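Chains as they are written, first to last, in my numbering: chain G, 3 to 399; chain V, 3 to 399.
What follows is the structure in structure tokens.
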């Protein structure tokens with residue numbers, strides 16, 4: 003039992019020898035110097051090179067690390083497989099494969115795609131999510147008005163801006179109770195549910211207490227800047243049964259870990275596979291369409307690892323930035339139906355305001371699911387028509 | 003009051019405009035669209051471009067973020083200043099400067115250079131530190147024998163390998179009590195004290211309980227893979243008065259955050275300044291001399307931020323890898339006297355074993371502090387002579 007790490011190393015004629023040195027150096031240190039009896043004893047701790055595949059610029063190397071060498075937590079696993087190798091120029095960690103028992107240590111999402119769809123009672127279309135805009139420096143009445151406008155437009159979810167932290171004007175607990183009241187009232191009037199992901203932030207050792215209190219006060223989702231705390235911190239939140247809330251894992255800062263030229267993690271491992279394994283119900287990451295962007299192949303690889311069959315609940319992909327109603331068909335084509343359409347500027351920038359902005363998205367989603375061209379759907383939806391006038395449509399390639 | 007972030011952005015003719023967009027986008031969103039009355043209200047939340055200095059490849063940009071926008075913790079500060087910008091190609095975060103009150107939120111090292119020197123009763127020379135070797139897969143008798151041999155050679159500190167985690171053969175609490183007994187016996191016989199930094203590892207939410215228990219059992223130092231958990235996790239350990247132990251902050255994984263071409267943190271900020279501010283008594287990082295190496299300028303910049311006067315206790319620099327006794331004069335020249343000479347292979351590779359290996363280092367340190375050439379000192383130290391025969395000396399440049 004153990005973990006197999008897949009790396010890209012800059013290509014080298016003696017790559018296997020290099021990889022073997024790493025496999026030993028990161029486990030038992032040496033092998034040939036060791037006496038036969040000790041070799042027997044150390045065998046179950048010895049790292050192994052599984053494969054070396056030559057490439058033009060980089061070679062693909064798989065190294066197996068026995069689970070006997072580390073505790074079953076990501077800090078130990080990361081330190082083992084990448085603690086030292088991260089210092090080598092151009093070494094990338096692109097995948098981790100966990101053997102059965104080790105894999106079973108991870109919780110996966112508490113709710114996942116199915117659980118969230120059940121909570122929201124929406125089974126047949128992508129969800130629509132909005133981001134509060136300009137709350138910093140404004141008070142709760144501003145926050146409330148915005149929430150009401152967005153709910154009126156038909157959003158399913160809303161989240162705090164990830165840079166909205168504890169503050170005097172819109173305190174964490176007040177945001178929760180205020181939003182709860184508005185969302186409940188909306189449900190009583192319309193029968194439509196909505197989730198509000200409040201930004202769980204602050205010191206590492208206060209997160210659980212704050213999250214538990216949030217749950218008690220009636221929060222129905224959490225936003226979490228997971229890479230500011232580490233994936234294991236998210237896992238502990240997922241595992242705490244006193245919290246019991248869907249978690250939106252935000253990819254802020256992951257550009258440091260995965261986005262830099264030459265080295266680092268792959269996005270699909272960090273923001274995809276591992277975010278799902280530790281328990282993110284949603285994974286929010288830069289879409290390939292906006293001004294804050296990651297590559298299309300990275301975004302699609304994240305989506306694949308969030309949703310492929312692996313025995314865990316599926317995580318909703320939330321590709322973000324640069325999304326307006328005219329892009330919805332492209333989004334669905336790229337990411338499939340189990341998607342959250344997430345918009346900020348694409349809702350608030352609507353010429354008739356955020357309610358119309360959300361309505362335009364709902365109309366675009368409705369049309370796309372039914373394979374109706376947006377220009378056709380716009381004939382019966384004034385908000386969609388106005389959105390398309392403003393932003394146009396993206397021709398699906 | 004706030005924080006000023008210094009970045010390198012790829013050079014651009016309209017850099018100031020770009021920087022201003024970021025300063026607004028990462029605080030209040032927009033400015034010119036806002037009415038005069040609201041401008042008054044939002045003024046104290048508005049980010050400001052402090053300076054733009056043009057360079058050939060990259061421009062240096064300073065942006066000021068008001069403290070009103072975030073809680074006084076590194077996860078909030080990182081998310082604000084680099085959460086989104088980390089996704090931009092080639093954006094580096096090279097420094098953070100905290101205004102007085104914000105700076106005062108950080109604890110700094112509990113003991114630092116002075117406190118550690120007092121504990122060890124060593125005021126006049128660099129300290130000597132060893133790393134256990136090959137403990138993985140071996141039992142406590144192996145561990146004990148190694149510790150005794152190293153203490154006999156005169157080491158001041160020893161640490162677990164950072165990839166030694168909780169395991170059946172040498173359990174965490176057993177390592178502590180075993181080492182305590184050996185170190186105490188050594189002190190009774192010789193009057194020499196030593197610190198053993200046991201690797202504090204495991205799940206994020208168990209760290210405090212384990213560290214407190216370690217302290218109760220008589221551990222006298224902790225090793226912590228801080229970048230597997232985040233700097234804030236180290237800060238919480240530093241602030242816990244039930245722990246009260248020196249902390250060796252290990253830089254494992256920081257190559258992902260700081261070592262990749264193009265972007266990321268600077269080493270001096272991450273492994274230097276911030277590791278000191280959150281409370282590392284020692285900061286262990288790759289030396290510029292070994293096979294796992296960072297650049298000389300990065301290593302020296304780390305050392306400078308660990309030891310410059312800033313109102314906090316100083317942190318010991320522990321440059322590691324590739325260090326043998328013949329390098330000690332170079333080390334002192336590069337890093338000054340407030341240094342920990344840290345060796346693994348340079349002690350265990352000594353032809354007469356680890357006791358002689360440690361003795362060779364102590365002789366080299368003694369000589370270097372007194373400006374005696376190593377070849378001269380080797381005349382009265384057989385272990386040093388044998389070490390120099392094996393590895394040679396490095397000519398100080």
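Where a beta carbon is used, it is the ideal one built from N, C-alpha and C, also for glycine.
As the structure is a computational prediction, the values presented were derived from the model and not from experiment.
Interface residues of chain V facing residue i [CB-CB closer than 7 Å]
{"i": "residue 289 (chain G)", "result": "Correct list: empty, because the minimum Cβ distance to chain V is about 11 Å."}
{"i": "residue 86 (chain G)", "result": "254, 294"}
{"i": "residue 75 (chain G)", "result": "204, 205"}
{"i": "residue 56 (chain G)", "result": "Under the 7 Å cutoff, chain V gives no residues; its nearest Cβ is about 22 Å from residue 56 (chain G)."}
8 Å Cβ cut-off: residues of chain G touching residue i
{"i": "residue 394 (chain V)", "result": "What residue 394 (chain V) touches in chain G: nothing, since even the nearest Cβ is about 23 Å away."}
{"i": "residue 232 (chain V)", "result": "206, 230, 231, 232, 235"}
{"i": "residue 134 (chain V)", "result": "Within 8 Å Cβ-Cβ: nothing; residue 134 (chain V) doesn't reach chain G, min ~11 Å."}
{"i": "residue 238 (chain V)", "result": "205, 206, 207"}
Three-state secondary structure (DSSP) of residue i
{"i": "residue 59 (chain G)", "result": "coil"}
{"i": "residue 42 (chain V)", "result": "helix"}
{"i": "residue 97 (chain G)", "result": "strand"}
{"i": "residue 344 (chain G)", "result": "strand"}
{"i": "residue 312 (chain G)", "result": "coil"}
{"i": "residue 204 (chain V)", "result": "coil"}
{"i": "residue 175 (chain V)", "result": "helix"}
{"i": "residue 131 (chain V)", "result": "strand"}
{"i": "residue 8 (chain G)", "result": "strand"}
{"i": "residue 385 (chain V)", "result": "helix"}
{"i": "residue 287 (chain G)", "result": "strand"}
{"i": "residue 51 (chain V)", "result": "strand"}
{"i": "residue 36 (chain G)", "result": "coil"}
{"i": "residue 115 (chain G)", "result": "helix"}
{"i": "residue 26 (chain G)", "result": "helix"}
{"i": "residue 161 (chain G)", "result": "strand"}
{"i": "residue 322 (chain G)", "result": "strand"}
Neighbour list for residue i in chain V, Cβ cutoff strictly below 9 Å
{"i": "residue 2 (chain G)", "result": "Chain G is shown only over 3 to 399; residue 2 (chain G) falls outside these bounds and no answer can be derived."}
Residues of its chain near residue i, where Cβ-Cβ distance is below 8 Å and the 5 sequence neighbours each way are ignored
{"i": "residue 83 (chain V)", "result": "5, 7, 28, 65, 67, 95, 98"}
{"i": "residue 14 (chain V)", "result": "20, 61"}
{"i": "residue 242 (chain V)", "result": "210, 213, 214"}
{"i": "residue 91 (chain V)", "result": "12, 264, 265"}
{"i": "residue 117 (chain G)", "result": "111, 248, 283, 315"}
Within chain V, the residues that residue i reaches when beta carbons sit closer than 8 Å
{"i": "residue 310 (chain G)", "result": "Under the 8 Å cutoff, chain V gives no residues; its nearest Cβ is about 25 Å from residue 310 (chain G)."}
{"i": "residue 354 (chain G)", "result": "Ordered by position in chain V, no residue passes the 8 Å Cβ test against residue 354 (chain G), which lies about 17 Å from the chain."}
{"i": "residue 369 (chain G)", "result": "Correct list: empty, because the minimum Cβ distance to chain V is about 30 Å."}
{"i": "residue 11 (chain G)", "result": "Simply none; closest approach about 14 Å."}
Sequence-distant residues of the same chain with beta carbon closer than 6 Å to residue i, five excluded per side
{"i": "residue 203 (chain G)", "result": "167"}
{"i": "residue 197 (chain G)", "result": "159, 222, 223"}
{"i": "residue 249 (chain V)", "result": "224, 226, 282, 283"}
{"i": "residue 315 (chain V)", "result": "110, 111, 114"}
{"i": "residue 323 (chain G)", "result": "288, 289, 292, 294"}
7 Å CB neighbourhood of residue i in its chain, flanking five on each side removed
{"i": "residue 298 (chain G)", "result": "290"}
{"i": "residue 71 (chain V)", "result": "29, 47, 82"}
{"i": "residue 172 (chain G)", "result": "137, 141, 142, 145"}
{"i": "residue 200 (chain V)", "result": "162, 174, 177, 178, 216, 221, 224, 225"}
{"i": "residue 74 (chain G)", "result": "104, 107"}
{"i": "residue 386 (chain G)", "result": "327, 362, 365, 366, 376, 379, 380"}
{"i": "residue 180 (chain V)", "result": "142, 145, 146"}
9 Å Cβ cut-off: residues of chain G touching residue i
{"i": "residue 2 (chain V)", "result": "Beyond the ends of chain V as shown, which are 3 and 399, falls residue 2 (chain V); an answer cannot be given."}
Residue i: contacting residues in chain G (beta-carbon distance under 7 Å)
{"i": "residue 82 (chain V)", "result": "165"}
{"i": "residue 89 (chain V)", "result": "257, 261, 288, 294, 296"}
Practice item. Please confirm if the segment 124-141 of chain G is in contact with the segment 95-110 of chain G, defined as three or more CB-CB distances below 8 Å between the two stretches. Key: no
Check your understanding: Counting pairs of beta carbons, one from the segment 165-173 of chain G and one from the segment 110-129 of chain G, are three or more of them closer than 8 Å?
Key -> No, the segment 165-173 of chain G does not touch the segment 110-129 of chain G.
Point to revise | Contact residues within the segment 198-228 of chain V, judged by C-beta distance below 8 Å to chain G | key: 203, 204, 205, 206, 207, 210, 227
Exercise for review: Return the residues of the segment 242-266 of chain V that lie within a Cβ-Cβ distance of less than 9 Å from chain G, sorted by chain order.
Suggested key: Under the 9 Å Cβ criterion, the segment 242-266 of chain V contributes 242, 252, 253, 254, 255, 256, 257, 258, 259, 260, 261, 262, 263, 264, 265, 266.
Practice item. Report the residues of the segment 163-179 of chain G with a CB closer than 8 Å to any CB of chain V, ordered along the chain. Key: 164, 165, 167, 168, 169
Check your understanding: How do the segment 344-363 of chain G and the segment 146-158 of chain G stand: do at least 3 beta-carbon pairs fall below 8 Å, yes or no?
Key -> yes
Check your understanding: For the segment 310-333 of chain G, which residues have a beta carbon sitting closer than 8 Å to at least one beta carbon of chain V?
Key -> none
Practice item. Kindly confirm or deny that the segment 312-331 of chain V and the segment 344-358 of chain V touch, where touching means at least three C-beta pairs closer than 8 Å. Key: With contact defined as three or more Cβ pairs closer than 8 Å, the segment 312-331 of chain V and the segment 344-358 of chain V are in contact.
Check your understanding: Can we say the segment 252-265 of chain G touches the segment 263-270 of chain V, given the rule of at least three CB pairs closer than 8 Å?
Key -> The answer is yes - the segment 263-270 of chain V touches the segment 252-265 of chain G, with three or more Cβ pairs under 8 Å.
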